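Be aware that the sequence shown starts at -9, since it is given in this note's numbering, and climbs by one per residue.
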Amino acid sequence: MSRAVVQFQASGRPIRFMLDMPDPNDRTKTMDSQTPDYVAFDIETTGLDPNVDSVTSAAMFGERCAMVVDNSDEKAVIELIAQMFEHVGESTIVGWNSAVFDFPFLYARCRLLGLPPFFTLRHDPAIVPKYAPLPGFLGGYEVVISTGHGPVGHLDIAYRYRSWADEHGVKWALKPVAQAHGLTPIEVDRAHIERLSVAERVAYNLSDVEVTLALALLLERPGG
-9 MSRAVVQFQA
1 SGRPIRFMLD
11 MPDPNDRTKT
21 MDSQTPDYVA
31 FDIETTGLDP
41 NVDSVTSAAM
51 FGERCAMVVD
61 NSDEKAVIEL
71 IAQMFEHVGE
81 STIVGWNSAV
91 FDFPFLYARC
101 RLLGLPPFFT
111 LRHDPAIVPK
121 YAPLPGFLGG
131 YEVVISTGHG
141 PVGHLDIAYR
151 YRSWADEHGV
161 KWALKPVAQA
171 HGLTPIEVDR
181 AHIERLSVAE
191 RVAYNLSDVE
201 VTLALALLLE
211 RPGG
């Protein structure tokens, strides 16, 4: 897998972002055949209310792809996110609290910006949020992503780690759970995330998806 800077069209303008990606038709895996085919996904935003805040960047990370987009044009970012999902093949998308935050936030922003949502949401009462739901939403959602290759599944691993965090006295959040498993996610001051350089934001976003993927794979180990 080689790294390249690829241009995709968004709103008629070429936007550049980092991409590690083989031929999407090449289903050869370097992972063990029993390892789940997961791609981790995460967005960064200016705040927690999709009615007033915006999406600033997004990242994906998996065995066969590593992608990140960061741009000041939110509409372009969301259009590129939809294109990114076209390259995950039959992988399952995994996220941390993505059923409660990332996908509902994206859905609201798509509607407000006049973009067609590229996924569907169905309320799942079994997913009980840690905090109040996003404004305009009921809580957690089952997510099905639509691509030209067919529907892509989704798994929110945060709720698989909820009881583990309680039992081990670990704060139920991505960074503390990752650190408790020996991982070293990048941490930043979220209150001043706008002060980060593009390179720092990209590194932070990629760090989140890397540890999310690692935690997802740990769940599949015996006793996980």
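For every residue, glycine included, the Cβ atom is placed at its ideal position computed from N, Cα and C. This structure is a prediction, so every number in the text was calculated from the model and none was measured.
Taking C-alpha positions only, G126 is separated from T46 by approximately 21 Å. Separation of Y131 and G143 (C-alpha to C-alpha, rounded to the nearest whole angstrom) is 13 Å.
Annotation for H144: the continuous beta strand (DSSP E) segment containing it runs H144 to D146. Taking A56 as reference, the option from N195, A206 and L207 with the minimal CA-CA separation is N195. The C-alpha of A72 lies about 33 Å from the C-alpha of G172. One thing to note: P123 has its Cβ no nearer than 8 Å to the Cβ of V134. When DSSP states are grouped into helix, strand and coil, A30 belongs to the strand group. For secondary structure counted as the beta strand (DSSP E) over 3 or more consecutive residues, the segment 133 to 185 holds these complete runs in sequence order: 140 to 142 and 144 to 146. When rounded, the separation of the alpha-carbon atoms in A163 and G104 is 32 Å. For V58, the uninterrupted beta strand (DSSP E) run begins and ends at A56 to D60, by DSSP. Counting C-beta atoms within 10 angstroms of its own C-beta, E177 has fewer than 16 neighbours from the protein chains shown and is therefore classed as exposed.
Judged by their CB atoms, D32 and D114 are not nearer to each other than the 8 Å cut-off. Residue V192 holds the alpha-carbon nearest to the alpha-carbon of V58 among V192, A204 and A168. Under the three-state reduction of DSSP output, S47 falls in the strand class.
With contacts defined by Cβ atoms closer than 8 Å, D27 and S81 form a contacting pair.
Counted as a single uninterrupted DSSP element, the stretch harbouring T82 is not any alpha helix (DSSP H) but the beta strand (DSSP E) occupying residues T82 to G85.
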